[in-house]
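Single-structure report; data block below.
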Amino acid sequence: MSMLDRVSIFGRSPFGPLAEHARKVHECVSMIPPVAEAILAGDTEKISHLQHEISKTEYEADLLKDQVRQNLPKRYFLPVRREEVAGFLSEMDKIADAAEDFAVTATLRKLDLPEELHREFLDLVAKVLQVSESLLSVAEHLAELQKECFVGAEADDVLAKIQQICHMEWESDKLNRRIARHAYGMLDLDPVKLMLLERLCRALSRLADHAENVGKNLRLMITRK
Amino acid sequence: MLTTFVLIAAIVIGLYMAWNIGANDVANAMGTSVGSGALTLKQAVILAGIFEFSGAFFVGGHVAETIRKGIVDIDVLRASSPIREPAPATAPGRSSSRPAEESGEVRPPATRPAAWALRDPLRVKLVMGMLAALLAAALWLNVATFFGQPVSTTHAIVGAVVGFAVMAAGLDTVVWSKMGKIAASWVVSPVVGATLAFAIYRLIQRHVLRHRHPVFMAKRAIPLCFGSVACILGLSILYKVLHVGRGTFYIALPLAMVFGMAVGLVARAVLLRRTAALRYRRKDRYTVVEKWFGRIQPITACYMAFAHGANDVANAIGPLAGVFHFARGGEIGSKAPVPLWLLAMGGVGIVVGLATYGYKVMRAIGKRITEITPTRGFAAEFGTASTVLVCSLMGLPISTTLVLVGAVMGVGLARGFAAIDMKVIRRIFASWLITIPASAIFAAVLYKILMSFV
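Protein chains in written order, with my numbering: chain A, 563 to 787; chain B, -19 to 434.
Written as structure tokens, this is what we have:
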């Protein structure tokens, strides 16, 4: 008789868990600055400790990701496209991967960076962290946004923030370039060190790239229709 | 003796159907209001009772008539009745000798003319058929409930009437043109509900939620919502109460509009006074809007209850009215409306169901639906109630639940819900598809059994 009595026509919302996943990913990213400082200080023990932490957190993020995916059957009628949700998740996942990659690279070998590069390296790390922070503040609004049907002032705020993220990604690219030019210009720098530095920077710039992709994905979710 | 038995059985089963409707379906209307805390359980039961009853009483007759005599082609049935006594419709003396019948006066059923009535095979078929239909629908409801399937009383009763008619005198007995209209309305009504809900929710989005100052706009929108609901309710009651013939609509419409406007103005005054000193932070503005929209929820819930009563009372009373009419010797082809006391009885049955069991369902639903915020609830319920009410006025028996499901989908299309489980929606639609043949078969079998006693 009453259908609402026996069956619920509403499925589990994926938006809350998405934000939770984003928080876990940011947790990984927020461990990058301590790693960077440890690299510069030459504290290998701290690096390997942090690397384990990041790997653990990344694994937890993976579990969350699988959970969201499992609770997203095809039969759900969502206000956004399923592919958008899946894309959002996989880009988020790649951010965590990049963060882990950064930490793992740092454990490969003790890296005594010349003093001149310290400032620029830390700048880049700070910029990437900033990108991730903005992204988290955006992703945390997801559930809220859904409640307001992706319209209204809130959505406009989020769109503006996404624009900011894109801008910061560009800035981080510039910082990356500057470090590369500086490092490659140092003729007495050990090639292996150069290679490792290059790999660290590449992990960071990849992280920022994926963050930008998440933002773009979110923008698609909001501006559909 | 037989007549008395049949009448008592019909009343008992009819009341049981009404009880069922009240127990299970009314909660659809009030659940959200209880869940959001806009109404206490007690208030919800009282309001639902009042509005279900008035819907049944004032507007319920149209659909009841359809079920009583719109589906079965009496001429075909008459032609198939082998022993033909003079048909009462053609006997001039008889109809004038019992004018009290039509005015709905209660009479002891075992009086002579009524006892005579059941000697006419045509009447026997009609009476037993309607009784079988009622019984079949009630049985099917219980079977479906036992298997945990959601099922619509409307589809059960219409299917059952069709079932007995086909069993009685073949496929031609069903007025297929009318059935076609009813079946079309089953397809169209959820779509209309969805469209209405979508449009209303889009309007709220555009003019309130997306606006630069949502709270300011909500102050304007809420009295409008109050007013329009009051206007529609007023119109449907006035239309029935005034009843001055052809021009009724043109008298009722301005009156209802004035009533709606008055309600809107009062709502506006109250709202402005209550919120004059209201301070809120910018990030809370949507919460404030939703909270205020929560104030409309009781009135849309009442609207839902009214529309539901208007349409669904017929599921219990339509066949019952048929049994009474034919068993007590009412003219077979008559245009006499369904007696008001029967509608009132159906209304009472619904209210009793609500009071004895419905409140439990209401509480359970209210707890479960957290997805439906007041703005979404308003759009879905307004769309549903308007569709159901219009169908009731057109005499089309439709399922309130299906229209509500359609309306929820409509809000979903406007990106209103995080996730709607399409599998469940499909299950609901499938279960009403099964209901029609199932209750038809039940009715056919029961009809055969009942006829074997005569």
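For each residue, glycine too, the CB sits at the ideal point set by N, CA and C. Model, not experiment: these values are computed from the prediction.
Check, Outcome
"Residues bridged to V52 of chain B (per DSSP)", "B:V154"
"Residues from the segment 106 to 121 of chain B in contact with chain A, defined by Cβ distance under 7 Å", "L121"
"Outcome for I54 of chain B when other beta-carbon atoms lying within 10 angstroms are tallied against a minimum of 16", "buried"
"Beta-carbon proximity check, A136 of chain B vs L121 of chain B, cutoff 9 Å", "yes"
"Contacting residues, own chain, Cβ-Cβ under 8 Å from T381 of chain B (five flanking each side not counted)", "D5, N8, P130, S132, I408"
"Cutoff 7 Å; reference G274 of chain B; Cβ partners in own chain excluding five residues on either side", "S16, A18, P354"
"Contact belief for M147 of chain B with K428 of chain B at Cβ below 8 Å, rounded distance in angstroms", "7 Å"
"G244 of chain B CB to nearest heavy atom of the ligand GTP below 8 Å", "What this structure holds is no ligand at all, so the ligand GTP is not there to describe."
"Opposing strand residues paired with I400 of chain B [DSSP bridges]", "A:F572, A:F639"
"R265 of chain B versus F639 of chain A: straight-line alpha-carbon distance, rounded", "28 Å"
"Closer than 9 Å to chain D by CB, G714 of chain A", "Looking for chain D here will not work: the only protein chains present are A and B."
"Minimum C-alpha distance to L393 of chain B - residue among B:G173, B:H42, B:Y337", "B:G173"
"Contact under 9 Å by Cβ, E706 of chain A with E716 of chain A", "yes"
"Cβ of R631 of chain A within 9 Å of any chain B Cβ", "no"
"Terminal residues of the alpha helix (DSSP H) in which D5 of chain B lies", "D5 of chain B -> no alpha helix (DSSP H), and no H or E assigned at all."
"Where D659 of chain A falls, given that 16 or more other Cβ within 10 Å makes a residue buried", "buried"
"Within chain A, the residues that M402 of chain B reaches when beta carbons sit closer than 8 Å", "R637, Y638, F639"
"The alpha helix (DSSP H) enclosing N291 of chain B, as first and last residue numbers", "277 to 307"
"Distance between G338 of chain B and F286 of chain B (C-alpha atoms, nearest Å)", "16 Å"
"Own chain residues within Cβ distance below 6 Å of L(-5) of chain B, not counting five before or after", "G329"
"Simplified DSSP assignment, three categories, for V318 of chain B", "coil"
"Segment contact, 8 Å Cβ cut-off, at least three pairs: the segment 321 to 335 of chain B with the segment 356 to 364 of chain B", "no"
"Cross-chain neighbours of E774 of chain A in chain B, by beta carbon under 8 Å", "The premise fails here: E774 of chain A is roughly 25 Å from chain B at the closest Cβ pair, so nothing lies under 8 Å."
"contact_flag[the segment 294 to 308 of chain B, the segment 775 to 782 of chain A] where n(CB pairs < 8 Å) is 3 or more", "no"
"Residues in the segment 570 to 600 of chain A having any Cβ partner in chain B nearer than 8 Å", "S570, I571, F572, G573, R574, S575, P576, F577"
"K618 of chain A classed as buried or exposed, judged by whether at least 16 other C-beta atoms fall within 10 angstroms", "exposed"
"L189 of chain B: contacting residues in chain A (beta-carbon distance under 8 Å)", "E710, C711, V713, G714"
"Residue from A:H729, A:K627, A:F664, A:L751 with nearest C-alpha to F577 of chain A", "A:K627"
"Touching by the beta-carbon criterion (3+ pairs, under 8 Å), the segment 206 to 216 of chain B and the segment 416 to 423 of chain B", "no"
"Contacting residues, own chain, Cβ-Cβ under 6 Å from G289 of chain B (five flanking each side not counted)", "E32, G35, A36"
"Cβ of G139 of chain B within 9 Å of any chain A Cβ", "no"
"S83 of chain B (DSSP reduced to helix, strand or coil)", "Because the pLDDT of S83 of chain B is 44, which lies under 50, any placement of that residue in the model is unreliable, and the number read from its coordinates should be weighed accordingly. Note: S83 of chain B maps to coil in three-state DSSP."
"Residues near I724 of chain A by beta carbon distance below 8 Å, same chain, minus five either side", "V700, G777, K778, L780, R781"
"R395 of chain B in three-state terms, based on DSSP", "coil"
"Alpha carbon of S83 of chain B to alpha carbon of V269 of chain B, nearest angstrom", "Since pLDDT at S83 of chain B reaches only 44, below the 50 mark, its modelled position is unreliable, and the value read off the structure follows with that caveat. If I take the Cα positions, the gap works out to 51 Å."
"Distance between P676 of chain A and L749 of chain A (C-alpha atoms, nearest Å)", "12 Å"
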